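Residue numbers (the working numbering): 8 to 186.
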């Protein structure tokens, strides 16, 4: 069968040059192609199988979905969200990690630089919780909303004498009843 994908932005405009990868369920068949100027890419002579399709383009959030063939060829349009950046400063530290969670799941992690700055790229629009861990010291968590295509500034500072927010395991997983 043939699988044809059209990659567009949130407004329906074609994203030419987007990278599209198609991988069979067992990983034995992996194909990659670039979308043409109309945002279209086709994969021909595919075996009967379930595939994962992944689209990537600079300035957009990657998208990955299952592609299941029931009968005939597959022709689908995929809309990529404009990438959003979360950036800020963690006052009083020169190392650490800023972790971003959505629906209780770790989404992205960004390293705190020597000057205390951090940035996390390619976040989709939506509501998140961000928190910073520096050594064994937890900085406050912050709830935030991300708007498509914007840069969001969120700064953190230590809380003298106490810690509030979410406690995280070493792998970034939130801990319940930890404090």
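The beta-carbon is built from N, C-alpha and C at its ideal position, and this holds for glycine as well. This one's a predicted model, so the numbers in the text were calculated from it and none came from an experiment.
Beta strand (DSSP E) segment containing residue 155, residue limits:
Careful: residue 155 lies outside any beta strand (DSSP E) and carries neither H nor E.
Using only CA atoms, which one of 73, 8, 56, 84 lies nearest to residue 22?
Of the candidates 73, 8, 56, 84, the one whose C-alpha sits nearest the C-alpha of residue 22 is 84.
With a 10 Å radius around its C-beta and 16 neighbouring C-beta atoms as the bar for buried, classify residue 48 as buried or exposed.
Flag for residue 48 reads buried.
Just the C-alpha distance for residue 13 and residue 122, rounded to the nearest angstrom, thanks.
Answer to the nearest angstrom: the Cα atoms are 42 Å apart.
Take every Cβ of the stretch 133-150, pair it with every Cβ of the stretch 105-117, and state whether three or more of those distances are shorter than 8 Å.
A contact exists between the stretch 133-150 and the stretch 105-117.
Restricting to Cα atoms, I'd like to know which of 120, 142, 20, 160 is closest to residue 44.
Residue 20 is the option with its Cα nearest to residue 44.
Round the Cβ separation of residue 74 and residue 9 to the nearest angstrom and send it over; I've been treating them as touching at under 8 Å.
The distance from the Cβ of residue 74 to that of residue 9 is about 12 Å, inconsistent with a contact at the 8 Å cut-off.
In this structure, does DSSP put residue 22 in helix, strand or coil?
It is coil, neither helix nor strand.
Restricting to Cα atoms, I'd like to know which of 68, 36, 160, 102 is closest to residue 56.
Of all alpha-carbon atoms in 68, 36, 160, 102, the one lying nearest the alpha-carbon of residue 56 is that of 36.
Can you pull the DSSP bridge partners for residue 112?
Per DSSP, 109.
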